[in-house]
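Residue numbers (the working numbering): 1192 to 1382.
Think of the CB as a built atom: it goes at the ideal place given N, C-alpha and C, for glycine as much as any other residue.
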Amino acid sequence: MKVKTTYPMPSKRKLQRARLIGWMAGPFLLAALICGVINLTVGGKAWSLIVIWSLYMVWTLAVSPDVIEYNRISQFTKLLWESCVLLILIDVLLVSGWVLNVVSIVCFGGIIAVCALFLSDYERQRHNLLPVILLSVGALVGSVLSMVIIPGRVRWQVSVTAAISFAMLVVCLYGMRHDIKSELSKMFHFQ
């Protein structure tokens, strides 16, 4: 018995996108390699890590975005996390002393935007709960750690970020109170 497997022809747009990704991979990798070599040759601070991370951000957000979790909340939280990492890299490698306040302001604004996206269409967006929970937990843990580790440098935005992220976590858990066990088992694939 011979089984004939037939797949539908991919659309023209998907084929063009696959070709674009193939064409762009080489220049992106070459640019990252050239930046690293120039930085090692010239010496000094490791600015090439910032450039490589920025190239990675452009690649994951614009050229080759996610296939599975491609929704506005997931993409926005990914942009938020990657921007915070970029800000931390800039602070650690180039100019230091400002990252705590700036990252907390970015997280504060990002959580408000994700909250607006999430609550604007709750019934449809509740399936995108994992990025919201991870963002809230990450911002809450980061805020609490910064308040405990360096209490003298903490300003109001860190406390507000902690409060907003805790409130968003409570809203998510309260909204899912009836079927939180089944939703978490779907998210993490356990029985």
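Cα-Cα separation between residue i and residue j, rounded to whole angstroms
i: Ile1212; j: Ser1255; result: 7 Å
i: Trp1272; j: Leu1364; result: 22 Å
i: Leu1284; j: Cys1306; result: 32 Å
i: Gln1348; j: Ser1311; result: 25 Å
i: Gly1227; j: Arg1263; result: 33 Å
i: Val1361; j: His1318; result: 17 Å
i: Gly1288; j: Pro1342; result: 14 Å
i: Ser1337; j: Leu1291; result: 8 Å
i: Gly1234; j: Ser1202; result: 48 Å
i: Phe1309; j: Trp1214; result: 36 Å
i: Thr1197; j: Trp1238; result: 50 Å
i: Ala1209; j: Arg1346; result: 46 Å
C-beta contact flag for residue i and residue j at 9 Å
i: Ser1295; j: Val1351; result: yes
i: Ala1330; j: Ile1303; result: no
i: Ser1327; j: Met1367; result: no
i: Leu1240; j: Leu1280; result: yes
i: Pro1322; j: Lys1269; result: yes
i: Val1335; j: Ala1353; result: yes
Given residue i as reference, the closest of the options once Cα atoms are compared
i: Ser1265; options: Ile1324, Ser1202, Ser1373 and Lys1195; result: Ile1324
i: Phe1299; options: Ser1356, Gly1217, Ala1216 and Val1233; result: Ser1356
i: Leu1278; options: Val1332, Lys1193, Glu1260 and Val1242; result: Val1242
i: Val1293; options: Leu1206, Trp1238, Arg1344 and Ala1354; result: Arg1344
i: Asp1282; options: Lys1236, Tyr1261, Ala1209 and Val1194; result: Lys1236
Meets three-Cβ-pair contact criterion under 8 Å: the segment 1208-1225 and the segment 1233-1253 | yes
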